[in-house]
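First comes the structure, then the notes that go with it.
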Amino acid sequence: SPRDMKPPLAQIPPEVAAVSDYEPLARERMTPAAWAWLQGGAADEITLRENQAAFQRLRLAPRALAELAGGHTRLTLLGQAFEHPIFVAPVAYQQLAHPDGEMATALAASALGAGMVVSTQAGLPLEALARQATAPLWFQLYVQHDRGFTRELVHRVQAAGYRALVVTVDAPVSGPRNREQRAGFTLPPGLSAVNLQGARALPPHTAPLGRPPLFGSPLVDTALTWRDIAWLREQTALPILLKGVLSPADAVRAADEGLAGAIVSNHGGRVLDTVPATIDALPAIARAVNGRLPLLLDGGVRRGTDVFKALALGASAVLVGRPVLHGLATAGATGVAHVLHLLRAELEMAMALTGCRTLADIDEGRLWRGG
Ligand code: FNR
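Structure follows, in structure tokens:
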């Protein structure tokens, strides 16, 4: 019960040395059901585990005595300047982790110069978050069945000063999130996707046993297609990235359609189980795209060396999901800032020890290829 939950900390405990140290601290501060929602993945959670395992299998190739003076982690993406390539991934309903929710995350991301992607399902008004932020904010868009509402939402996003749209394309239907179902997770009263207020919702669809559970339902019949992406491009001047690309063909199509970027993601293993780890999918996508559009990656990034590996295999930047919420649940904005700081510090250490002065130096040659 919430009564057994510990309150958020005002300071970072001195024994926290790595991002993973936040996990047990966060768990003590969330309900079991909310914890299952945050940590869980789809079905047997094979992809969820694989995202991290695949990073852990890769080895680095260190280099000695390289010139490091003047080194930095700066980059330009979509014409926007960033201090480092570590972004906050869109995660819904952050007040499940901490009463300050997305407001604390936005404050921390700005303080650390981290780009932040705000979820369509944020629990706080997108305008209030934009007023808080000093680093560029991007908006993650779930295109709504109600396309008129979607157009108005995009205009709000643009008016509020967001700098890009991140259209999530890997979850036209939600996955079987069994861990969350078994825990009986539901949104607590008072928490909702406030930015979707007024959208016409789909009629609830529950097929009786023996009927097609999905096919023939409005959910499937109005699911997003490439035609909708072209329509969206006409509604806004904001750069559009697709989030949830795992196939080289989809990434190439994104470039053909004039989109601004693609995020290699499997939604943190939360939708279709047994798809590959994102870091294993990245190389073929990078080869196919051949520099025509920037690639970002998320899923399983827990160490600065993971950030380094993603950049070595063709990503321009990474996004971090669950660890940000672990920091948030533990110590609010302070915890989020510390998580981002730890990842950046570890990235800089990995760069120094592999002889990389700037992000441009991080290439496949920095990975150990046996012998
Ligand atoms: C997510 N993710 C997500 N993605 C999205 O496009 N819109 C959303 O609202 C959410 N909400 C969400 C909630 C929770 C609890 C999680 C864990 C994830 C997916 C997220 O953006 C990202 O792809 C993954 O979290 C990346 O994997 P890691 O860093 O959590 O391993």
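Going by the UniProt record's numbering, the first residue of the sequence shown is number 3, and it counts up by one from there.
We put the beta carbon where it would ideally sit given N, CA and C, even for glycine.
- Going along the chain, which residues of its own chain have a beta-carbon closer than 7 Å to the beta-carbon of residue 348, five neighbours each way excluded? Indexing the sequence shown from 1 puts residue 348 at position 346. Contacts found: 305, 306 and 307.
- Give me the Cα-Cα distance between residue 290 and residue 8, rounded to the nearest whole angstrom. Indexing the sequence shown from 1 puts residue 290 at position 288. Indexing the sequence shown from 1 puts residue 8 at position 6. Cα-Cα distance, rounded: 48 Å.
- Message: Three or more C-beta pairs under 8 Å: does that hold for the stretch 163 to 172 against the stretch 200 to 219?
- Response: no
- The alpha helix (DSSP H) spanning residue 311 covers which residue range? Position 309 of the sequence shown, counting from 1, holds the residue named residue 311. Unbroken alpha helix (DSSP H) run through residue 311: 306 to 314.
- Would you identify the three-state DSSP class for residue 161, choosing helix, strand or coil? Taking the sequence shown and counting its residues from 1, one reaches residue 161 at position 159. Three-state DSSP puts residue 161 in a helix.
- Query: Are residue 158 and residue 109 close, meaning C-beta to C-beta below 8 Å?
  - Reply: By one-based count along the sequence shown, residue 158 stands at place 156. By one-based count along the sequence shown, residue 109 stands at place 107. Their beta carbons are not under 8 Å apart, which means residue 158 does not touch residue 109 by this criterion.
- Expressed to the nearest angstrom, what Euclidean distance is found between the alpha-carbon atoms of residue 281 and residue 253? As a working mapping, residue 281 is identified with position 279 in the sequence shown. As a working mapping, residue 253 is identified with position 251 in the sequence shown. Going by the C-alpha atoms only, they are around 15 Å apart.
- Just curious, the beta strand (DSSP E) that residue 320 is in, first and last residue? Residue numbering aside, residue 320 sits at position 318 when the sequence shown is read from its first letter. Taken as a continuous stretch (DSSP letters only), the beta strand (DSSP E) holding residue 320 covers 319 to 322.
- Any idea which residues DSSP pairs residue 245 with across the strands? Residue numbering aside, residue 245 sits at position 243 when the sequence shown is read from its first letter. Answer by DSSP bridge pairing, in chain order: 170 and 265.
- Task: Consult DSSP for residue 281 and reduce its assignment to one of helix, strand or coil.
- Result: For this step, residue 281 is matched to residue 279 along the sequence shown. Here residue 281 sits in helix by DSSP.
- Output the distance between the C-alpha atoms of residue 330 and residue 369, rounded to the nearest integer angstrom. Counting from 1 along the sequence shown, the entry for residue 330 is found at position 328. Counting from 1 along the sequence shown, the entry for residue 369 is found at position 367. The alpha-carbon atoms of residue 330 and residue 369 are separated by roughly 32 Å.
- Over what stretch of residues does the beta strand (DSSP E) that includes residue 78 continue unbroken? Translated into the one-based positions of the sequence shown, residue 78 becomes position 76. Taken as a continuous stretch (DSSP letters only), the beta strand (DSSP E) holding residue 78 covers 77 to 79.
- Under 6 Å Cβ to Cβ from residue 29, same chain only, skipping five residues before and after it: list those, please. Here residue 29 is taken as the residue at index 27 of the sequence shown, counted from 1. Same-chain partners within the cutoff: 37.
- Message: Am I right that residue 171 and residue 246 are in contact with their C-beta atoms under 8 Å? What's the rounded C-beta distance?
- Response: Taking the first residue of the sequence shown as 1, we reach residue 171 at position 169. Taking the first residue of the sequence shown as 1, we reach residue 246 at position 244. Correct: roughly 5 Å between the Cβ atoms.
- Message: Quick check: residue 267 and residue 230, are their CB atoms within less than 8 Å of each other?
- Response: In the sequence shown, the residue the question calls residue 267 occupies position 265. In the sequence shown, the residue the question calls residue 230 occupies position 228. Taking 8 Å as the Cβ cut-off, residue 267 and residue 230 do not qualify as a contacting pair.
- Message: Does the distance between the C-beta of residue 291 and the nearest non-hydrogen atom of ligand 1 fall short of 7 Å?
- Response: The sequence position of residue 291 within the sequence shown is 289, counting from 1. No, since every heavy atom of ligand 1 falls outside the 7 Å radius drawn around the Cβ of residue 291.
- Where residue 318 falls, given that 16 or more other Cβ within 10 Å makes a residue buried: Within the sequence shown, numbered from 1, the residue matching residue 318 stands at position 316. Classification of residue 318: buried, given that the 10 Å Cβ count is 16 or more.
- Query: With DSSP run on the structure shown, which of helix, strand or coil describes residue 364?
  - Reply: On the sequence shown, position 362 is the one that residue 364 refers to. Residue 364 falls in the coil class under three-state DSSP.
- Query: Considering only residues of the same chain and omitting the five flanking positions on each side of residue 315, which have a CB-CB separation below 8 Å?
  - Reply: One-based indexing of the sequence shown puts residue 315 at position 313. Hits under 8 Å: 281, 284, 285, 288, 366 and 369.
- Is the stretch 227 to 241 close to the stretch 13 to 32, with three or more CB pairs under 8 Å? no
- Message: For residue 341, tell me which candidate among 83, 51, 116 and 35 has the shortest Cα-Cα distance.
- Response: Translated into the one-based positions of the sequence shown, residue 341 becomes position 339. Comparing Cα positions, the closest option is 116.
- Task: Measuring only between beta-carbons, confirm whether residue 214 sits less than 8 Å from chain B.
- Result: In the structure shown, chain B cannot be found, because there is only a single protein chain.
- Task: Rounded to whole angstroms, what's the CA-CA distance from residue 106 to residue 152? Just pull it up for me.
- Result: Your numbering for residue 106 matches position 104 in the sequence shown. Your numbering for residue 152 matches position 150 in the sequence shown. Their Cα atoms are separated by approximately 26 Å.
- Just curious, the beta strand (DSSP E) that residue 88 is in, first and last residue? Counting from 1 along the sequence shown, the entry for residue 88 is found at position 86. Counting along the chain, the beta strand (DSSP E) containing residue 88 begins and ends at 88 to 90.
- Query: Taking just the CA atoms, how far does residue 77 sit from residue 140?
  - Reply: Taking the first residue of the sequence shown as 1, we reach residue 140 at position 138. Taking the first residue of the sequence shown as 1, we reach residue 77 at position 75. Each residue's alpha carbon lies about 16 Å from the other.
- Grab the span of the alpha helix (DSSP H) containing residue 234 for me, first residue to last. The sequence position of residue 234 within the sequence shown is 232, counting from 1. Where residue 234 is concerned, the enclosing alpha helix (DSSP H) stretches over 228 to 237.
- Message: Does residue 57 come out as helix, strand or coil in the three-state DSSP assignment?
- Response: Locating residue 57 in the sequence shown gives position 55, where the first residue counts as 1. Note: residue 57 maps to helix in three-state DSSP.
- Query: Assuming residue 243 contacts residue 261 under a Cβ cut-off of 8 Å, what Cβ separation, rounded to an integer in Å, is found between them?
  - Reply: On the sequence shown, position 241 is the one that residue 243 refers to. On the sequence shown, position 259 is the one that residue 261 refers to. That pair is a contact at about 7 Å.
- Message: For residue 83, list the residues DSSP reports as bridge partners.
- Response: By one-based count along the sequence shown, residue 83 stands at place 81. Beta-bridge pairing links residue 83 to 78.
- Item | From 325, 147 and 335, residue whose alpha carbon lies closest to that of residue 386 | Nothing about residue 386 can be reported from this structure: the residues present for the chain run from 3 to 373 only.
- How is residue 217 classed by DSSP in three states: helix, strand or coil? Counting from one through the sequence shown, the residue named residue 217 turns up at place 215. If DSSP states are grouped into helix, strand and coil, residue 217 belongs with coil.
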